[in-house]
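In full-length UniProt numbering, the protein residues as written are 1 to 1058.
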């Protein structure tokens, strides 16, 4: 734990951010050019880890810089290698004249004292009074206890007299060795107290931080010495609060005006309190028996971030001079992410509100990552002698190191530092960690301005002295205030006067101060257009010098130029003054007198202004009030105004037209309640789009003069444009409109040097309308094919050639010029993929494209070859044979003798007789012509199964050309954006042919018939069929027949018998 604490004292790995402050804050009155740099004797001794300023009045009067070197080698007389020590450095230009104080050898050492690595000089302090003492501490001083069994790291501080001598007789109350921490206990008591890691002194007390007490709870020891009784010495401390590992006493301070204006308050940092750190406020109380102890008042200012080490450093300073002192607290390990840079390191300013503090402060300064911002904070007195106390903040790891100065003020401190000093700015400094330690508040060169000393980890320190601050009063006048251009040859008089006082109020400061001043005439005009000139140099700029001890004023004469374009704008004069510094003697061995280098209280320069006016013909008040009004419109010519749609004019894109007119009308006429006096320097500023260029003005005889200026046009309307006048003209533009141009914007702004506060810009927007004319057709629009054969199951099909007849459509898109980057064409299909019952109809094999960046179209949704059949290579000869085989179906249908009795079926998407798939093919990077070829197969089995009785099947689909764009101005001509395509299908025609009987059957049949006939004849002949009867027989037969015919009936017979 001790090793960790020691490492944190000087090996600091911190995250830091610094607000990017203005360059103007880089210099005020702390001087870095004539810095007093002191170097340590031993490299790596950490000479500069701690610093203090001391005024010696005993022996001989002088000022010293006290510098701690905690890893300095041990003195030759000591039995140790490295002990550390304190150095005293005189205020000279010699960097190597620091004197080692040899504090250890001036004291008595016992065999139980362990001084090896005691880090003497980890803190150095000057008492600060007239005969104030000095003190240096080594927090790692140890005592051997219990016959060498235990080692107690209790720390030790050495106090010496004002002249740094050891006097144990007259000053033994202070200088005698006195152990503050008791070595009799272990780390749970005071056996590891590390006393002296921080320290300060008052007239009667030593306050020493001991962060290791009570299991690293820490303590702030107050050793009181009664000035009236040299035997009365009391050690006042906190009791064990059972809050280990908070490191109380890592930084300490003591002063009045914190909680009470009369009573002192002890302030101590505890950077590991609740892991966020805190600053505790304590006071000395008297307990039973008259003894005193330090009491924690339950007043804590707590950090806001874990590990930020809030309380690493503290400063007590009254920044607003209200009698109550503020607390400045450093948290060098604070870190957070920033929008541009990481923020690290923080310094909190807790403003004192009549003896109380808010638990949180709104005033926090931060630094740049890894800079150690807040590693050191210190009260440095009133550096600029403005009546308010100031403080400094160190950021040792920002580049070569930095020190930031904030000047106090009536309203507190500014959000930005008043001065920033880089380690690289210090002459002959060669710093790398400038700002690790800071001490100030003592004027070491007797110029009434306190100085500061800055330490580092580079074995060197720098004394930065304050330059005198003077308050300069100036009187800058230009007369007369109103000049008549008709009667002013050299009538203008300019006078500059200076006087000064010191900020300290010192009346005997008699050093010669020379002011350099520069007066610029007519600063509101360009140097080539200024209206006045100094008569002694014929220029508009004059530079002079004034010594404020001999000459305090200077007068110069100016004249007005002959031709005046601008009579309205006042002629403004600017004064810029600064102090002239004397030449620096580079070989000077003595300390530079900074009284020769005072600074102005308002910064490095003094600025003032004055103005005069030119007489005009605008009434007694010499103020012209114009009433300019304007209107404008776009046109194709001076007579052809472009139409208006939805509040904006619109121009149709036409690549053959490259001229555009802007018709402008400007008037200067009275209106109710408004005058219309001369409009001086009346001008029109016209900003233009990149798609148009200035071409000219029409009519050419107009008095208006226009000229292009970068991306705008400046038109001079008149100087002046008189009252009751109107100017009408046209600005002609050459256009460069492309398909990427959405609109043409032009902003018109009238301006005049006369008084008119209502001149508002007029913005005209011309929308560019793009009606894209594209040709879209399908080849062929009608395909005739047939079906035949037998039904093949889908599972038996391996290749698309087995599906049926091929069908191929080419959809061709043509435009006048290749499409732009803001839009793309697409062909949307409504493709009859299936019949109503879900059977395949037109099965798509592939979709190819030409004239685009893609050679094929693969729509989502498994549109192309969804069954993943093998697609054979399509050769031109085969396609030709396919086409020939399906030609003239109408003729074939007409020859079918049964066609008249069969029907025609229509399969399409609109009637529901076909199930259609919708998909799209985008034509990316299309050239002037693009072709989308869709190759498909008629599903033969579907035709055989469902449509075998139809004489003709008409299959219809639709393709639409569409435009994809996010620009509302671009749209497609709707005349030819949709095409229909059809496939006419007929069954294969089979004619009825008579059966031809074989010849042998015919011959056999004929012979059989003849034989059968002969047989019948023979039989008839045998039966007498062919034999003839004689005449008698014939007559007998006839007679018999007649008789038979006259025979009576049965009834007649019965009648006759009765």
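Glycine residues also receive a C-beta, built at the ideal position from the N, C-alpha and C atoms.
What are the boundary residues of the alpha helix (DSSP H) that residue i is part of?
i, result
"residue 620", "No alpha helix (DSSP H) contains residue 620, which DSSP labels as neither H nor E."
"residue 174", "172 to 175"
"residue 221", "Taken as a continuous stretch (DSSP letters only), residue 221 belongs to no alpha helix (DSSP H), being part of the beta strand (DSSP E) at 219 to 225."
"residue 1060", "The question about residue 1060 has no answer here: the residues shown for the chain are numbered 1 through 1058."
"residue 213", "213 to 216"
Using the C-alpha atoms, what's the distance from residue j back to residue i?
i, j, result
"residue 682", "residue 719", "6 Å"
"residue 219", "residue 344", "29 Å"
"residue 300", "residue 266", "12 Å"
"residue 842", "residue 869", "14 Å"
"residue 319", "residue 716", "58 Å"
"residue 273", "residue 247", "7 Å"
"residue 816", "residue 772", "9 Å"
"residue 892", "residue 651", "Confidence is the limiting factor: at residue 892 the pLDDT is only 43, short of 50, which leaves the residue's position unreliable, though a coordinate-based value still follows. If I take the Cα positions, the gap works out to 57 Å."
"residue 454", "residue 391", "13 Å"
"residue 26", "residue 421", "Because the pLDDT of residue 26 is 39, which lies under 50, any placement of that residue in the model is unreliable, and the number read from its coordinates should be weighed accordingly. Those two C-alpha atoms are separated by around 7 Å."
"residue 959", "residue 941", "26 Å"
"residue 95", "residue 316", "31 Å"
"residue 458", "residue 36", "15 Å"
"residue 931", "residue 984", "23 Å"
"residue 106", "residue 452", "29 Å"
"residue 403", "residue 602", "21 Å"
"residue 99", "residue 305", "43 Å"
"residue 38", "residue 92", "9 Å"
"residue 898", "residue 912", "Unreliable placement is indicated for residue 898, whose pLDDT of 44 sits below 50; the coordinate value is still reported in the next sentence. Distance between the alpha carbons of residue 898 and residue 912 is about 29 Å."
"residue 574", "residue 521", "7 Å"
"residue 255", "residue 524", "55 Å"
"residue 808", "residue 742", "40 Å"
"residue 423", "residue 154", "36 Å"
"residue 330", "residue 251", "10 Å"
"residue 910", "residue 831", "11 Å"
Within the continuous beta strand (DSSP E) that includes residue i, where are the two ends?
i, result
"residue 942", "From DSSP, residue 942 is part of no beta strand (DSSP E) but of the alpha helix (DSSP H) over 940 to 946."
"residue 346", "343 to 350"
"residue 1004", "Premise fails: residue 1004 lies in the alpha helix (DSSP H), 999 to 1022, not in any beta strand (DSSP E)."
"residue 34", "Careful: residue 34 lies outside any beta strand (DSSP E) and carries neither H nor E."
"residue 205", "205 to 210"
"residue 474", "469 to 479"
"residue 847", "842 to 850"
"residue 980", "978 to 987"
Let me check one thing: in DSSP terms, what residues is residue i bridge-paired to?
i, result
"residue 151", "144"
"residue 831", "917"
"residue 970", "770"
"residue 628", "668"
"residue 723", "Note: residue 723 sits in no beta bridge, so no partner."
"residue 716", "683 and 705"
"residue 777", "812"
Using a Cβ-based criterion (distance less than 7 Å to any ligand heavy atom), does residue i qualify as near the ligand SAH?
i, result
"residue 124", "The model on display carries no ligand, and the ligand SAH is accordingly not part of it."
Any beta carbon of chain B sitting closer than 8 Å to that of residue i?
i, result
"residue 637", "Of the chains in the structure shown, none is chain B; there is only one protein chain."
request  = Check whether the stretch 660 to 675 touches the stretch 555 to 567, taking contact to mean three or more Cβ pairs, one atom from each stretch, closer than 8 Å.
outcome  = Between the stretch 660 to 675 and the stretch 555 to 567, the count of Cβ pairs shorter than 8 Å is below three; the stretches do not touch.
ask   = Any chance the stretch 935 to 946 sits against the stretch 958 to 966, with 3 or more Cβ pairs inside 8 Å?
value = Contact check between the stretch 935 to 946 and the stretch 958 to 966: fewer than three CB pairs, one atom from each, fall below 8 Å, which does not count as touching.
key: Touching by the beta-carbon criterion (3+ pairs, under 8 Å), the stretch 204 to 217 and the stretch 238 to 254   = Contact between the stretch 204 to 217 and the stretch 238 to 254 is present, because at least three Cβ pairs lie under 8 Å.
Every unbroken alpha helix (DSSP H) within the stretch 361 to 404, with a cutoff of 4 residues, ordered by chain = Contiguous alpha helix (DSSP H) elements confined to the stretch 361 to 404 do not occur, taking only those with 4 or more residues.
inquiry  = Counting beta carbon pairs with one atom in the stretch 590 to 610 and one in the stretch 636 to 653, are three or more of them shorter than 8 Å?
reply    = With a cut-off of 8 Å, the stretch 590 to 610 and the stretch 636 to 653 do not count as touching, because too few Cβ pairs lie within range.
query = Contact between the stretch 846 to 854 and the stretch 915 to 929: three or more CB pairs below 8 Å?
reply = Touching, per the Cβ criterion.
message = Closer than 8 Å is the cut-off here; do at least three beta carbon pairs connect the stretch 466 to 478 with the stretch 500 to 519?
response = Contact between the stretch 466 to 478 and the stretch 500 to 519 is present, because at least three Cβ pairs lie under 8 Å.
query = Can we say the stretch 682 to 702 touches the stretch 745 to 755, given the rule of at least three CB pairs closer than 8 Å?
reply = Three or more Cβ pairs drawn from the stretch 682 to 702 and the stretch 745 to 755 lie within less than 8 Å of each other, which places the two stretches in contact.
ask   = How about the stretch 68 to 76 and the stretch 116 to 127: do they share at least three Cβ pairs that are nearer than 8 Å?
value = Contact between the stretch 68 to 76 and the stretch 116 to 127 is present, because at least three Cβ pairs lie under 8 Å.
inquiry  = Under 8 Å: do the stretch 791 to 807 and the stretch 854 to 861 share three or more Cβ pairs, one atom per stretch?
reply    = By the Cβ criterion, the stretch 791 to 807 is not in contact with the stretch 854 to 861, since fewer than three pairs of Cβ atoms, one from each stretch, lie closer than 8 Å.
task = Enumerate, from N- to C-terminal direction, the unbroken beta strand (DSSP E) stretches of 3 or more residues contained entirely within the stretch 266 to 306.
result = When DSSP assignments are scanned along the stretch 266 to 306, the uninterrupted stretches of beta strand (DSSP E) that are 3 or more residues long and fall wholly within it turn out to be 278 to 286 and 292 to 302.
query = Taking contact to mean at least 3 C-beta pairs separated by less than 8 Å, is the stretch 427 to 439 in contact with the stretch 398 to 418?
reply = Contact check between the stretch 427 to 439 and the stretch 398 to 418: three or more CB pairs, one atom from each, fall below 8 Å, which counts as touching.
ask   = When the Cβ atoms of the stretch 591 to 601 are set against those of the stretch 722 to 731, are three or more pairs found closer than 8 Å?
value = Segments in contact, no.
ask   = Of all the alpha helix (DSSP H) runs that stay within the bounds of the stretch 225 to 258, which reach a length of 4 or more residues?
value = Runs of the alpha helix (DSSP H) inside the stretch 225 to 258: none found.
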